[in-house]
Every structure is written in structure tokens, then in C-alpha cells.
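Step one of this worksheet: look at the structure below.
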Amino acid sequence: MQEESTVEFKTYQKPPLVKRGSCVFCKNPVVENISIPVLPNLKIIPSALLPDELKTNMDFHIFYHRRVVDVDDDKPKYNNFVTSQMAFMQALLKSLRAS
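This note's numbering puts the first residue of the sequence shown at 15, with every later residue one more than the last.
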């Protein structure tokens, strides 16, 4: 994760539940901070920034329609905003129930 001083955070909708952080130098996304009442605070990091050993643990691909390269695996791929958000929320709720 980059230092906070090299990340610029913006919100794009009200209320500001999601703050998207981009690198101040290259403008690429580096983190999303999500604060939803009654849920734990979350940080989402683009998979391109993760070490290879963590990438094998992914369950699915969201926003696949915005991919830079095709991914050849057997994981489900969600192609638009609604299905991507639904897949993410289902996985989040499943993990919260398990903990």
C-alpha cells in the first residue's frame, strides 16, 4: 500500500460511503475505503497491486467488462455494475456470517 501522502481520495456520490484513492503521480486507482453503517470498514485494493501468492485466493472477478487483459480461469466473471455489486455484497455477507 502506498503512503497516504501519495494517494488522493475522492467521493463520487452522496453519501460518501466509498472513497476512491488514486496515486497522485500516475492517477491509477490504489485503494477504496468503504464505510457502510453497521458493517466493518473495508479496504479494497486492485488485484494488479497484490502479490501473486494472494491472487490465487480470489473467488470471482467483478467489473470484468473493464478488464485490461482477459483472464483464463474458471472463476465467475461479472460484467456490469449491478451484477458486480451483488456478487461483492453476497461474498461480504457470507464472510461476515462465517466470522
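We put the CB at the ideal spot given by N, CA and C, even for glycine.
Here's a check: name, in chain order, each residue in its chain whose Cβ is nearer than 8 Å to the Cβ of residue i, leaving out the five neighbours to either side.
i	result
Phe-39	Thr-20
Got a sec? Which residues, its chain only, sit under 6 Å from residue i by beta carbon, not counting five neighbours each side?
i	result
Lys-91	His-75, Tyr-78
Pro-43	Ser-36, Pro-60
Span of the beta strand (DSSP E) holding residue i?
i	result
Lys-33	32–37
Leu-56	56–58
Val-21	21–24
Measure the C-alpha to C-alpha separation of residue i and residue j and round it to an integer number of angstroms.
i	j	result
Pro-54	Ala-101	18 Å
Arg-81	Arg-111	30 Å
Val-96	Lys-69	23 Å
Met-103	Ile-50	12 Å
Could you give the first and the last residue of the continuous alpha helix (DSSP H) run that contains residue i?
i	result
Val-96	95–112
Asp-66	66–69
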